[in-house]
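In UniProt numbering, the protein residues as written are 1 to 300. Glycine residues also receive a C-beta, built at the ideal position from the N, C-alpha and C atoms. Here the structure is a predicted model, which means the values were calculated and not measured. Following: one structure in structure tokens, then a few remarks.
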């Protein structure tokens, strides 16, 4: 089997757009809390915003995978400077249903990576929804590693040993300084120097001090539902202070955040897991929080 990539023609893209928009809308509705109608509108908006010039859009490579003259799939690569400043991004990859389980997905990824390497690109990333477990396994076999995940479950009110209170300005400055020094990837996927400005964009409204038995034991940062995830209140960061670790307080802080989200009528509580957050993925696994969204990267 020899697969090669050929540029999409305008007619090819016109033929593909409806199914691209429909598939992305279904994933948005199933994972990020959009209604079906909202999901279609958001899918159309994002797709057309990224491709204002169609196949001729600067910085976008849209190709079909071809084997023995037959089209077997499609790959869309956004070059550095478009989705991300310093790395390429695989915006979409799909193998036609009748051609699946034949290695064509792997072949298209490798051909895309070879194209990027020839252009001098040294890093590539991609996004995959959590329910697509087969694709997630494939990407890891091909050398992609987790950059960030969003875990989520239905939010239910409840009480526990931890109370969350608004953070004072003094504590805000101290906690934010610690976060910027130890884990800027929580705030930005690249360009760590932008982490402080990103924190200012998000705002400090969701910063909470965790209180247990009358004393501060840690903190968390809860972000409101966003345009990207309208049905999810996301725990951007959670930390237990060193003297109070290994007592189940991380679980208790998450439960308190879930209670706050539920009381505001938000249907899901999310947890951002960053590759740079020590132990965050294991913590989410222990709680049984399913992955709804994942970003992966690979150095070429």
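Could you have a look at residue 264 and say whether DSSP puts it in helix, strand or coil?
-> Residue 264: coil per DSSP, three-state reduction.
Report yes if the C-beta distance between residue 147 and residue 262 is below 7 Å; otherwise report no.
-> Their beta carbons are not under 7 Å apart, which means residue 147 does not touch residue 262 by this criterion.
Residues in its own chain within less than 8 Å of residue 16 by CB, not counting five upstream and five downstream?
-> Only 8 and 74 meet the Cβ criterion.
Exposed or buried, residue 191, counting other C-beta atoms within 10 Å across all chains shown (16 or more means buried)?
-> Sixteen is the threshold: since fewer than 16 other Cβ atoms of the shown chains lie within 10 Å of the Cβ of residue 191, the residue is exposed.
DSSP three-state assignment for residue 122, whether helix, strand or coil = Collapsing the DSSP output to three states places residue 122 in coil.
Between the Cα of residue 231 and the Cα atoms of 254, 292 and 253, which residue gives the shortest distance?
-> Taking only the C-alpha atoms, the option nearest residue 231 is 292.
Three-state class that DSSP yields for residue 299 in the structure shown = The DSSP-derived three-state label of residue 299 is strand.
Taking residue 199 as the reference, which of 222, 212, 213 and 217 has the closest Cα?
-> Ranked by Cα distance from residue 199, the options 222, 212, 213 and 217 are led by 222.
Using a threshold of 7 Å, state whether the C-beta atoms of residue 219 and residue 189 are closer than that.
-> No, the pair does not count as a contact, with Cβ atoms beyond the cut-off.
Enumerate, from N- to C-terminal direction, the unbroken alpha helix (DSSP H) stretches of 4 or more residues contained entirely within the segment 13-81.
-> Listed in chain order, the alpha helix (DSSP H) elements of length 4 or more contained wholly in the segment 13-81 are 36-50.
Tell me residue 237's beta-bridge partners as DSSP assigns them.
-> Looking at the DSSP assignment, residue 237 forms a beta bridge with 221.
For residue 99, collect the residues of the same chain with a Cβ closer than 6 Å to its Cβ; drop the 5 residues on either side in sequence, then sort them by chain order.
-> The answer, listed in chain order, is 72.
Alpha-carbon to alpha-carbon, residue 65 and residue 135 = The C-alpha of residue 135 lies about 17 Å from the C-alpha of residue 65.
Report the residue from 168, 228, 209 and 255 whose alpha carbon sits nearest the alpha carbon of residue 159.
-> Between residue 159 and the set 168, 228, 209 and 255, the nearest pair of CA atoms involves 255.
Give every residue of the same chain whose Cβ lies closer than 6 Å to the Cβ of residue 29, excluding the five residues on either side of it in the sequence, and list them in chain order.
-> Counting only Cβ-Cβ distances below 6 Å, and skipping sequence neighbours, we find 36 and 39.
Got a sec? Which residues, its chain only, sit under 8 Å from residue 33 by beta carbon, not counting five neighbours each side?
-> Its chain contains 225, 229, 230, 231, 232, 267 and 268 as the residues whose beta carbon lies nearer than 8 Å to that of residue 33, once the 5 sequence neighbours on both sides are disregarded; these appear in chain order.
Of all the options 244, 113 and 121, which has the alpha carbon lying nearest to the alpha carbon of residue 217?
-> Selected option, being the one with the closest Cα: 244.
Residues that residue 274 bridges to, as DSSP identifies them = Answer by DSSP bridge pairing, in chain order: 148.
Rounded distance between the beta-carbons of residue 90 and residue 124, thought under 8 Å = Contact between residue 124 and residue 90 holds: their C-beta atoms lie close to 6 Å from each other, under 8 Å.
Nearest-angstrom Cα distance between residue 56 and residue 12?
-> Spanning the two alpha carbons is a distance of roughly 13 Å.
Top-ranked residue by Cα proximity to residue 246, from 77, 213 and 283 = Proximity to residue 246 across 77, 213 and 283 peaks at 283, based on C-alpha coordinates.
Report yes if the C-beta distance between residue 161 and residue 252 is below 7 Å; otherwise report no.
-> Their beta carbons are under 7 Å apart, which means residue 161 touches residue 252 by this criterion.
Roughly how many angstroms separate the alpha carbons of residue 193 and residue 298, rounded to a whole number?
-> Going by the C-alpha atoms only, they are around 21 Å apart.
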